[in-house]
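Enquirer:
Number of protein chains: 2
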Amino acid sequence: LIESASIVFYDALVGHGAIEMIAPHAARVPIGKRAGRHSQSQDAINALLIHAALAGERVVRLKGGDPSIFGRSAEEIDAHAAHGICALICPGVTTASAAAASAGRSLTLRGSARHLRFMTAQSCDGDAEPDWASLVDLATTLAIYMERGSAARISRNLIAYGLSPTTPVLVTSGVSLPGKRCTTTRLDLLALVVKGVAAAGPVLIIVGKAMCTRATDQAVLNALVTAL
Amino acid sequence: LIESASIVFYDALVGHGAIEMIAPHAARVPIGKRAGRHSQSQDAINALLIHAALAGERVVRLKGGDPSIFGRSAEEIDAHAAHGICALICPGVTTASAAAASAGRSLTLRGSARHLRFMTAQSCDGDAEPDWASLVDLATTLAIYMERGSAARISRNLIAYGLSPTTPVLVTSGVSLPGKRCTTTRLDLLALVVKGVAAAGPVLIIVGKAMCTRATDQAVLNALVTAL
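Taken in sequence, the protein lines are chains A and B. In this note's numbering, each residue carries its 1-based index in the first sequence increased by 74. In this note's numbering, each residue carries its 1-based index in the second sequence increased by 74.
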């Protein structure tokens, strides 16, 4: 699909490998958009895509991760449908799957981590307080797509509502990209670790026993906390 | 990875395209395993993989979907680690992402479907009754990996605990495979539709407003229900 496009609109989180697949003669349009500092509004992006399609271009809209998980693809699909433009969706590997693979862990564990929840920190911010109590469940793995500034609030609330301070958390940034960072910590150390992992940009954290590292790693971490 | 393997162990849900990538000289070992009728136990599969790796083979373990989401990859990773065998995980497109793409929908909607939960119907069966009340949330999209027999129970409970009978549900079977089926229905018609979609084998249902089809389709569906 990428190779056959005459124009490609791509996000800030798209890897170099995908960009390299674009045909030499095709137009390349970066439309980076990050929570908190939108370089272009979703409406402006929709208008750009539709304008290109109506002009007869073969348009590819390239996103990092999977477009159907916090990718705002519904808004782009609906805008196209309203103009009678047919759009095909190519699914991708969502960031949580890539992060778990990179850390050699599984997001679910048979019998003990039987549920998996995806959310964004945006739904933890502002007026609409999430139902923290419902998020605290030992049989659930929580994958939270967030900005680094949300770490302290998430950690404090999950512990206040009953998760153990020693709950393992995988912290990742730039998964599948050259500058990727990936480390495992404990829920009570989350804010500290997030500061060290990501200078800026989005962070994905995965909370729950499925992220448990080997017993020896855990013992070293616990000894460090005791020494602090 | 697939092309460089000297032996490939693959699941029943792996597509023909992936099988065709296996080198002609490599051994191909089907180890199909389906809930309810295990052709091989997980322990037997672990033993096969480890035996091949210790014999010096370049082993690829091929699964449908993403191995970290209800794929029991943790058990295989841990078994390998216990034998000092290094295993790399290649993440995949999970079935829910492929199903949403196939239906032209998104699993999340900004502002209105802000949470996404994955679960299996197994965690709805047997003694351990799930917390149905916690599953009923208008801002959540529920993706349930299940056998077709679980449809009536899931539909009945979600409605009893407060979801509207008209909540849209995407029902899919064999996503990304030649015999794939994909249809949108209402929660109260789920059991009926699942019977029509899948003769056997696993079904994925996606429940929530993010699966809403165009208003015209919905009107036709509602008229049908009224006529019944």
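The beta-carbon is built from N, C-alpha and C at its ideal position, and this holds for glycine as well.
In chain B, what lies closer than 8 Å to residue 189 of chain A by C-beta?
Expert: Residue mapping note: residue 189 of chain A aligns to position 115 of the first sequence, counting from 1. By Cβ distance, chain B contributes 191, 192, 193, 197.
Enquirer: Go through its chain and collect everything with a Cβ distance to residue 278 of chain B's Cβ below 6 Å, but skip five positions before and after it.
Expert: Here residue 278 of chain B corresponds to residue number 204 of the second sequence, with the count starting at 1. These residues qualify, in order along the chain: 169, 173, 219, 246.
Enquirer: Which chain B residues sit within Cβ distance under 9 Å of residue 146 of chain A?
Expert: Start at 1 with the first residue of the first sequence, and residue 146 of chain A comes out as number 72. Chain B residues near residue 146 of chain A: 180, 182, 183, 184.
Enquirer: What residue range does the alpha helix (DSSP H) around residue 186 of chain A cover?
Expert: Position 112 of the first sequence, counting from 1, holds the residue named residue 186 of chain A. Here residue 186 of chain A belongs to no alpha helix (DSSP H), and DSSP marks it neither H nor E.
Enquirer: Helix, strand or coil, according to DSSP, for residue 75 of chain B in the structure here?
Expert: Position 1 of the second sequence, counted from the first residue, corresponds to residue 75 of chain B. Coil.
Enquirer: Quick check: the Cα distance between residue 283 of chain B and residue 148 of chain A, rounded to an integer number of angstroms?
Expert: Start at 1 with the first residue of the second sequence, and residue 283 of chain B comes out as number 209. Start at 1 with the first residue of the first sequence, and residue 148 of chain A comes out as number 74. Roughly 12 Å separates the two Cα atoms.
Enquirer: Ignore the nearest five residues each way along the sequence and tell me which others in residue 265 of chain A's own chain have a CB closer than 8 Å to its CB.
Expert: Locating residue 265 of chain A in the first sequence gives position 191, where the first residue counts as 1. Result list for residue 265 of chain A: 225, 226, 229, in chain order.
Enquirer: Using 8 Å as the threshold, is the region 138-145 of chain B in touch with the region 176-187 of chain A, meaning 3 or more CB pairs across them?
Expert: Because the criterion of three Cβ pairs below 8 Å is met, the region 138-145 of chain B and the region 176-187 of chain A touch.
Enquirer: I want to see whether chain A comes within less than 8 Å of residue 109 of chain B, judged by CB atoms only; does it?
Expert: Residue numbering aside, residue 109 of chain B sits at position 35 when the second sequence is read from its first letter. Residue placement at residue 109 of chain B is flagged as unreliable, the pLDDT there being 48, under the threshold of 50; the coordinate-derived value follows with that caveat. So, not an interface residue.
Enquirer: Are the beta-carbon atoms belonging to residue 271 of chain A and residue 257 of chain A less than 8 Å from one another?
Expert: Position 197 of the first sequence, counting from 1, holds the residue named residue 271 of chain A. Position 183 of the first sequence, counting from 1, holds the residue named residue 257 of chain A. Yes, Cβ-Cβ distance for residue 271 of chain A and residue 257 of chain A is below 8 Å.
Enquirer: Answer with buried or exposed for residue 252 of chain B, where buried requires no fewer than 16 other C-beta atoms within 10 angstroms of its C-beta.
Expert: Reading the second sequence from its first residue, position 178 is the one you call residue 252 of chain B. The residue is exposed, with fewer than 16 neighbouring Cβ atoms inside 10 Å.
Enquirer: Anything in chain B within Cβ reach of residue 236 of chain A, meaning under 7 Å, just list it in chain order.
Expert: As a first step, residue 236 of chain A is located in the first sequence; it is residue number 162 there, counting from the start. Within chain B, no residue comes near residue 236 of chain A; the closest Cβ sits about 14 Å away, beyond 7 Å.
Enquirer: Please look up how many angstroms separate the CB atoms of residue 239 of chain B and residue 261 of chain B, rounded, as I've assumed it's under 8 Å.
Expert: Position 165 of the second sequence holds residue 239 of chain B. Position 187 of the second sequence holds residue 261 of chain B. Confirmed, about 6 Å.
Enquirer: How long is the line joining the alpha carbons of residue 163 of chain A and residue 135 of chain A, rounded to whole angstroms?
Expert: In the first sequence, residue 163 of chain A corresponds to position 89, counting from 1. In the first sequence, residue 135 of chain A corresponds to position 61, counting from 1. Cα to Cα, the separation comes out at about 9 Å.
Enquirer: In chain A, which residues lie with their C-beta within 9 Å of the C-beta of residue 262 of chain B?
Expert: As a first step, residue 262 of chain B is located in the second sequence; it is residue number 188 there, counting from the start. Chain A residues near residue 262 of chain B: none, gap ~24 Å exceeds 9 Å.
Enquirer: Put residue 109 of chain A into one of helix, strand or coil per three-state DSSP.
Expert: Residue 109 of chain A sits at position 35 when you count from the first residue of the first sequence. Annotation note: pLDDT 48 at residue 109 of chain A (below 50); position unreliable, no value reported.
Enquirer: Is there a C-beta anywhere in chain A that falls below 8 Å from the one on residue 257 of chain B?
Expert: Looking up residue 257 of chain B in the second sequence gives position 183. With 8 Å as the cut-off, residue 257 of chain B does not count as an interface residue toward chain A.
Enquirer: Relative to the alpha-carbon of residue 281 of chain B, which residue among B/117, B/116, B/232 has its alpha-carbon at the smallest distance?
Expert: By 1-based counting over the second sequence, the position of residue 281 of chain B is 207. The option with the nearest alpha carbon to residue 281 of chain B is B/232.
Enquirer: Relative to the C-alpha of residue 236 of chain B, which candidate in B/249, B/188, B/255, B/211 has its C-alpha closest?
Expert: Stepping through the second sequence from its first residue, residue 236 of chain B is reached at position 162. The shortest Cα separation from residue 236 of chain B among B/249, B/188, B/255, B/211 belongs to B/211.
Enquirer: Can you tell me which residues form a DSSP beta bridge with residue 229 of chain A?
Expert: The sequence position of residue 229 of chain A within the first sequence is 155, counting from 1. In the DSSP output, where bridge partners are listed per residue, residue 229 of chain A has none listed.
Enquirer: Does DSSP put residue 215 of chain B in a helix, a strand or coil?
Expert: Counting from 1 along the second sequence, the entry for residue 215 of chain B is found at position 141. Strand.
Enquirer: Give the DSSP-derived three-state secondary structure of residue 194 of chain B in the structure shown.
Expert: On the second sequence, residue 194 of chain B is found 120 positions in, with the first residue counted as 1. Note: residue 194 of chain B maps to strand in three-state DSSP.
Enquirer: Could you tell me the distance, in whole angstroms, from the CA atom of residue 153 of chain B to the CA atom of residue 269 of chain B?
Expert: On the second sequence, residue 153 of chain B is found 79 positions in, with the first residue counted as 1. On the second sequence, residue 269 of chain B is found 195 positions in, with the first residue counted as 1. One C-alpha to the other measures close to 38 Å.
Enquirer: Between residue 86 of chain B and chain A, is any beta-carbon pair separated by less than 8 Å?
Expert: By one-based count along the second sequence, residue 86 of chain B stands at place 12. No, no contact with chain A.
Enquirer: Along the chain, where does the beta strand (DSSP E) containing residue 119 of chain A start, and where does it finish?
Expert: By 1-based counting over the first sequence, the position of residue 119 of chain A is 45. Where residue 119 of chain A is concerned, there is no enclosing beta strand (DSSP E), although the alpha helix (DSSP H) it sits in stretches over 116-128.
Enquirer: Under 8 Å by Cβ, that's how I've got residue 178 of chain B and residue 151 of chain A pegged, so tell me the actual separation to the nearest angstrom.
Expert: If you number the second sequence from 1, residue 178 of chain B lands on position 104. If you number the first sequence from 1, residue 151 of chain A lands on position 77. Right, their Cβ atoms sit about 6 Å apart.
Enquirer: Strictly under 8 Å for the Cβ-Cβ distance: is residue 117 of chain A near chain B by that measure?
Expert: Looking up residue 117 of chain A in the first sequence gives position 43. Judged by the 8 Å Cβ criterion, residue 117 of chain A is not in contact with chain B.
Enquirer: By DSSP, does residue 133 of chain B sit in helix, in strand, or in coil?
Expert: Along the second sequence, one-based indexing puts residue 133 of chain B at 59. Note: residue 133 of chain B maps to strand in three-state DSSP.
Enquirer: Which residues in chain A sit within 9 Å of residue 175 of chain B, going by Cβ to Cβ distance?
Expert: As a first step, residue 175 of chain B is located in the second sequence; it is residue number 101 there, counting from the start. Those are 140, 141, 142, 147, 162, 163, 164, 165, 166, listed as they occur along chain A.
Enquirer: How many angstroms separate the CA atom of residue 216 of chain A from the CA atom of residue 190 of chain B?
Expert: Working through the first sequence from its first residue, we reach residue 216 of chain A at position 142. Working through the second sequence from its first residue, we reach residue 190 of chain B at position 116. Going from the Cα of residue 216 of chain A to the Cα of residue 190 of chain B covers about 10 Å.
Enquirer: If the cut is a Cβ gap below 7 Å, which residues of chain B does residue 208 of chain A touch?
Expert: Taking the first sequence and counting its residues from 1, the one referred to as residue 208 of chain A is at position 134. Within chain B, the residues near residue 208 of chain A are 208.
Enquirer: What distance in whole Å lies between the Cβ atoms of residue 96 of chain A and residue 105 of chain A, which are believed to be in contact at a cut-off of 8 Å?
Expert: As a working mapping, residue 105 of chain A is identified with position 31 in the first sequence. As a working mapping, residue 96 of chain A is identified with position 22 in the first sequence. That belief does not hold up - the Cβ atoms of residue 105 of chain A and residue 96 of chain A are roughly 14 Å apart, past 8 Å.
Enquirer: In this structure, does DSSP put residue 247 of chain B in helix, strand or coil?
Expert: Counting from one through the second sequence, the residue named residue 247 of chain B turns up at place 173. It is a strand residue.
Enquirer: I'd like to confirm the pairing. Which residues does DSSP put opposite residue 281 of chain B in its beta bridges?
Expert: Position 207 of the second sequence holds residue 281 of chain B. BP columns for residue 281 of chain B point to B/216, B/243.
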